[in-house]
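Worksheet: one structure, shown below.
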Amino acid sequence: MMNSISKLPDLKLSLIVAMDRNGLIGYQNHIPWRIPEDLAYFRKKTLNHTVIMGKNTWMSLGNTLDQRVNIILTHDHNFYVPGAIVCHNVTECLQHCKPDEEVFVIGGSQIFKLFLPLISKMYITRIDAEFEGDTWFPEINWDEWELIFFEQKKSKTGYLLTISEYVRKDENWKPELPVE
0 MMNSISKLPD
10 LKLSLIVAMD
20 RNGLIGYQNH
30 IPWRIPEDLA
40 YFRKKTLNHT
50 VIMGKNTWMS
60 LGNTLDQRVN
70 IILTHDHNFY
80 VPGAIVCHNV
90 TECLQHCKPD
100 EEVFVIGGSQ
110 IFKLFLPLIS
120 KMYITRIDAE
130 FEGDTWFPEI
140 NWDEWELIFF
150 EQKKSKTGYL
160 LTISEYVRKD
170 ENWKPELPVE
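Following numbering that gives the first Met the number 0, the numbering of the sequence shown begins with 0 at its first residue and continues without gaps.
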């Protein structure tokens with residue numbers, strides 16, 4: 000059962016993710032590739048915005064992301080990170096977001112799945128390759144999404160990158176809080 004968000008500010012929740020052609024996003028709590036163009040795109044899009052991530056994603060980064068408000072979602076009530084906001088449920092995360100600001104959900108897989116009912120825009124980089132891994136982007140209903148931007152380019156590492164942006168098709172769509 001979902002609850003409509005009525006008492007929270009108008010939020011623009013987006014997700015940003017890079018994946019291989021099979022939807023792979025991670026391996027042993029790390030990104031299985033190093034592509035400078037993708038990192039630059041991620042930085043450009045998320046700079047000066049709030050980012051929401053899970054504890055494992057934060058641990059893979061090793062520190063907070065500079066020039067961004069870092070929100071970390073975890074069930075661990077003893078977890079503390081200097082310079083970050085640690086939350087223990089989705090509602091608490093959203094209460095730390097500013098109205099009308101685009102907020103980026105940056106992973107990992109469980110966090111993407113948890114926040115998908117709230118996401119109105121997706122920034123997806125697809126790498127035209129297959130990597131070894133253990134973590135995938137969750138299944139979504141692509142019929143609910145409209146492609147609004149598409150660009151392909153070759154990275155300096157030789158991979159073909161497809162950068163896409165999607166928005167919800169339904170003009171009457173309202174975000175719904177997941178039951179946690």
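For glycine and all other residues, C-beta sits at the position ideal for the given N, C-alpha and C.
{"Check": "How is Trp141 classed by DSSP in three states: helix, strand or coil?", "Outcome": "helix"}
{"Check": "Using DSSP with H/G/I as helix, E/B as strand and the rest coil, what is Leu60?", "Outcome": "helix"}
{"Check": "Just to confirm, are Ile123 and Met18 a CB contact at a threshold of 8 Å?", "Outcome": "yes"}
{"Check": "Where do the N-terminal and C-terminal ends of the alpha helix (DSSP H) with Glu36 fall, by residue?", "Outcome": "35 to 45"}
{"Check": "Taking the alpha carbon of Thr56 as the point to measure from, which residue in Arg67, Asn28, Asp37, Leu46 has its own alpha carbon closest?", "Outcome": "Asn28"}
{"Check": "Return the bridge partner residues of Cys96 from the DSSP annotation.", "Outcome": "BP columns for Cys96 are empty, so no partner."}
{"Check": "Could you compute how far the alpha carbon of Lys168 sits from the alpha carbon of Asp75?", "Outcome": "36 Å"}
{"Check": "Could you spell out the range, first to last residue, of the alpha helix (DSSP H) harbouring Leu113?", "Outcome": "108 to 114"}
{"Check": "Can you tell me where the beta strand (DSSP E) holding Asn69 begins and where it ends?", "Outcome": "68 to 72"}
{"Check": "Hey, how far is the Cα of Leu14 from the Cα of Ser154?", "Outcome": "22 Å"}
{"Check": "Between Leu113, Phe130, Ile147, Glu129, which has its C-alpha nearest Ile139's C-alpha?", "Outcome": "Leu113"}
{"Check": "Which partner residues does Ile15 have in the DSSP bridge list?", "Outcome": "Tyr122"}
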